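Residue numbers for the sequence shown follow UniProt numbering, so the first one is 1 and each next one is one higher. C-beta atoms are modelled at their ideal positions from N, C-alpha and C, and glycine is treated no differently. The structure presented is a predicted model; accordingly, all values stated were derived computationally and were not measured.
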Amino acid sequence: MDPHDVDARVRRLAATPGTVLLDGFHAVKHALRFGAEVSLVVTTDRAAVRALADELAADVGEHLDETAIEVPEPLLRELVPRGSPTGVLAFARRPEPAPSGERTAPVVLLENPRNLGNVGAVIRLAAGFGAAAVLTTGDLDPWHPHVIRGSAGLHFATEVARVGLDELPDGPLFVLDPEGDDLRATGIPDDAVLAFGTERHGVSAVLRGRADRRVAIPMRPKVSSYNLATSVGMTLFRWSCTSANAPA
C-alpha cells in the first residue's frame with residue numbers, strides 16, 4: 001500500500017465516531033479474543049508482531065496477519081505520544097450497549113472516578129471475575145484510550161458504559177462505606193450493584209442514601225484508604241466465594 005494511502009487510512013479511522021484506539025499488543029489480543037470488530041492493526045514491524053503472537057497468543061496470529069499493516073514510526077508516535085512499548089496499535093468499533101436482562105454477576109459502579117489508569121484496572125478485574133458490567137458516572141470517559149490501555153483491552157469482555165445516577169440497573173445497591181457492615185460477613189447476591197466512590201471522598205451522600213446495604217472493607221487504623229481497583233477486587237472476590245456463577 002502506498003505510504004500516503006496508509007497515512008490517510010489510519011487518520012480516517014482515528015477520526016471515525018465510534019472507533020476506539022487499542023494501545024499495545026495485549027489490548028489488541030484481548031479485544032480479538034472477546035469478539036471486537038478490529039478493522040486495522042498498525043505496527044512499525046509486522047514480523048515482530050507475528051513473533052510476539054507466536055510466543056504469547058497464537059490464537060490471534062492469523063487475524064494479525066490479515067489486518068496488520070506497517071506504518072512509519074512518526075505516525076505511531078503521533079497516535080500514542082507517550083509511546084507504545086510493543087509497537088502495536090489497532091482500531092476497533094465500540095460495541096453497542098447490550099440489552100438489559102437477568103444478571104448472573106454483579107455490576108460495578110464507579111461514582112465520579114478521576115484516574116484513567118484506575119478505571120482501566122477496575123475493568124480488567126471485572127472481566128477476570130466475570131462481572132456483568134462496569135458503569136461510571138461523571139465526566140471521565142471509560143472508553144478513553146488510556147483506560148483501554150489500563151484494562152489491557154478487556155473492555156470487550158464485559159459491558160462498559162457511562163451512566164447517570166438515574167440510569168442505574170435494577171438490583172440491590174451495595175455501597176462501599178467505611179461505616180458499613182463488615183465485608184467478610186456480608187453475602188453479595190449475583191444481581192447486586194456494587195458502588196464505589198473516590199479514594200479521597202468516597203461515595204456521595206445521594207448514592208449513600210439510596211443504598212440497600214452499606215459495606216465496609218476491613219482496614220487497620222491510620223491507613224486512609226485502599227486503591228480503588230484493590231477495593232473492587234476484594235469485593236468481587238467476596239462475591240465469588242459464595243456464588244455458583246463466579247469463575248472456577
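- How about residue 140 and residue 109: are their beta carbons less than 7 Å apart? no
- Pull up the CB-CB distance for residue 90 and residue 22, whole angstroms please, since I reckon it's below 8 Å. 4 Å
- Item | Cβ-based burial, residue 173 [other Cβ within 10 Å; buried from 16] | buried
- Message: Tell me the DSSP secondary structure of residue 178 in three-state form.
- Response: strand
- Taking 8 Å as the threshold, find out whether the region 98 to 117 comes into contact with the region 158 to 177 through three or more Cβ pairs. yes
- Message: If you follow the beta strand (DSSP E) that residue 39 is in, where does it begin and where does it stop?
- Response: 38 to 43
- Of the listed residues 45, 148, 194, 228, nearest to residue 212 (C-alpha basis): 194
- Query: For the 8 Å Cβ check, are there 3 or more pairs between the region 74 to 85 and the region 212 to 228?
  - Reply: no
- Item | Residue(s) in a DSSP beta bridge with residue 91 | 21, 40
- Task: Mark residue 208 as exposed unless 16 or more other C-beta atoms lie within 10 angstroms of its C-beta, in which case mark it buried.
- Result: buried
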